[in-house]
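S.K.:
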Amino acid sequence: MNQATTPPPITPPGRVYLVGAGPGDPELLTLRALRLLQQCDAVVYDHLVSNAVLEFVASAAKRIYAGKRRNEHTLRQEEINALLVQLAQQGKRVVRLKGGDPFIFGRGGEEMLALAAHGIAFEVVPGVTAASGVAAYAGIPLTSRDAAQTCLFVTGHLKDGTADLDWPALVRPHQTVVIYMGLGALAQICQQMIAHGSAPDAAIAVVQDGTIATQKVVVGTLSDIAARVASAGLKSPCLTIIGDVVHMHATLAWFKQAS
Ligand code: SAH
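Mapping of the sequence shown onto our numbering: position 27 corresponds to residue 9, and the numbering continues sequentially without gaps.
(1) Can you list, in chain order, the residues of its chain with a C-beta nearer than 7 Å to that of GLY88? Leave out the 5 residues immediately preceding and following it.
(2) I'd like the span of the alpha helix (DSSP H) that includes ALA233, first residue to last.
(3) Thinking just about the alpha-carbon of each residue, which of THR12, LYS74, PRO(-11), LEU11 is nearest to the one in VAL26?
(4) Just how far apart, CA to CA, sit HIS100 and SER213?
(5) Measure from the alpha carbon of ILE194 to the alpha carbon of each residue in THR222, ASP226, ALA118, then state which is nearest.
(6) Between the C-alpha atoms of MET230 and ALA40, what's the straight-line distance to the nearest angstrom?
(7) Here's a check: name, in chain order, each residue in its chain whose Cβ is nearer than 8 Å to the Cβ of VAL76, leaving out the five neighbours to either side.
(8) Could you name each continuous beta strand (DSSP E) segment of 3 residues or more that falls completely within the region 43 to 79, going from the start of the chain to the end?
(9) Just to confirm, does THR193 get its C-beta within under 7 Å of one of the non-hydrogen atoms of the ligand SAH?
(10) Looking at the strands, I want to know which residues DSSP matches up with ILE223.
(11) Go through its chain and collect everything with a Cβ distance to GLU92's Cβ below 8 Å, but skip five positions before and after it.
(12) Could you pull out every residue in the same chain whose Cβ sits closer than 7 Å to the Cβ of VAL159, ignoring the five residues on either side in sequence?
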């Protein structure tokens, strides 16, 4: 009788859970995220994941910091992919923890493609993305029947320092534009919006550390926000929201922000 040539694996292959950690406040974790953090063997987490969220990780679980601060990638993307594959092949239940939602400006898709290529089982757990979490805590509804029927999420991390965004689409009326990673290019973004037809006094808010105790909201216009943000000394991570909905912040701000 023919013997099978490959012996069965000693450890059954593990699984990777790509989990959204939300924008910072751990109360915004999903129940599924919380359960997985408490039951996993290893967590590979990004720079944006708050310390308060990491406190929920099982004490026995291995914690691996993958970095991803701008210009300071602690592990390169290929190294992260290889690490996830390796941990899963050791039979571990791995949580790949990302700020916000893993499928919104989170490279979650790339990592899952790498796992799929190696036949590793995975699941995706959505998280509260910065746009919805930060807007909620800043008292800025992203849509409104009067002011905004459309909401765009765009990245302000401009390639080679040049603005290659679809400016005509961004300056349309009756919409809200949410810009992730837009702090570095804020002045340039505002200039381009005005050059493409936005009113110089259009409302804009920049929110640092949304949903956590150090949250700061700076409100202004396209022409003065860069100076206001500079004098307030805002630091990354910041989310930018442009549109008439920003006017509601004055009345709806409910979360106590750092002074
Ligand atoms: N996947 C994440 C986004 C990653 S890109 C998500 O769904 O939210 C990183 C950018 O998200 C930051 O540069 C910033 O623009 C935004 N961001 C994330 N958390 C934030 C927070 N707590 N406050 C303000 N902006 C935040």
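For glycine and all other residues, C-beta sits at the position ideal for the given N, C-alpha and C. Treat the numbers as computed from the prediction; the structure is a model and nothing was measured.
M.R.: This is what the structure holds:
(1) Residue mapping note: residue 88 aligns to position 106 of the sequence shown, counting from 1. Excluding sequence positions up to five before and after GLY88, its CB lies within less than 7 Å of the CB of LYS80, GLY82, all in the same chain and listed in chain order.
(2) Within the sequence shown, the letter at position 251 stands for residue 233. Here residue 233 is Thr; the residue named in the question, Ala, does not match the sequence. Start and end: 231 to 234.
(3) As a working mapping, residue 26 is identified with position 44 in the sequence shown. That would be LYS74, whose Cα lies nearest to the Cα of VAL26.
(4) The sequence position of residue 100 within the sequence shown is 118, counting from 1. The sequence position of residue 213 within the sequence shown is 231, counting from 1. When rounded, the distance between both Cα atoms is 49 Å.
(5) To locate residue 194, count along the sequence shown from 1; it is residue 212. The option with the nearest alpha carbon to ILE194 is ALA118.
(6) Locating residue 230 in the sequence shown gives position 248, counting from the first residue. Locating residue 40 in the sequence shown gives position 58, counting from the first residue. If I take the Cα positions, the gap works out to 40 Å.
(7) Numbered from 1 along the sequence shown, position 94 holds the residue referred to as residue 76. Correct list, in chain order: GLY(-4), ARG(-3), VAL(-2), TYR(-1), CYS22, ASP23, ALA24, VAL25, VAL26, LEU66, LEU69, ALA70.
(8) 44 to 49
(9) Indexing the sequence shown from 1 puts residue 193 at position 211. Yes, the Cβ of THR193 comes within 7 Å of a heavy atom of the ligand SAH.
(10) Stepping through the sequence shown from its first residue, residue 223 is reached at position 241. Per DSSP, the beta-bridge partners of ILE223 are VAL160, ALA187.
(11) Locating residue 92 in the sequence shown gives position 110, counting from the first residue. Cβ neighbours of GLU92 beyond the five flanking positions: GLN59, ASN63.
(12) Position 177 of the sequence shown, counted from the start, is the residue given in the question as residue 159. So the qualifying residues of the chain are LEU134, VAL136, LEU152, ILE224, GLY225.
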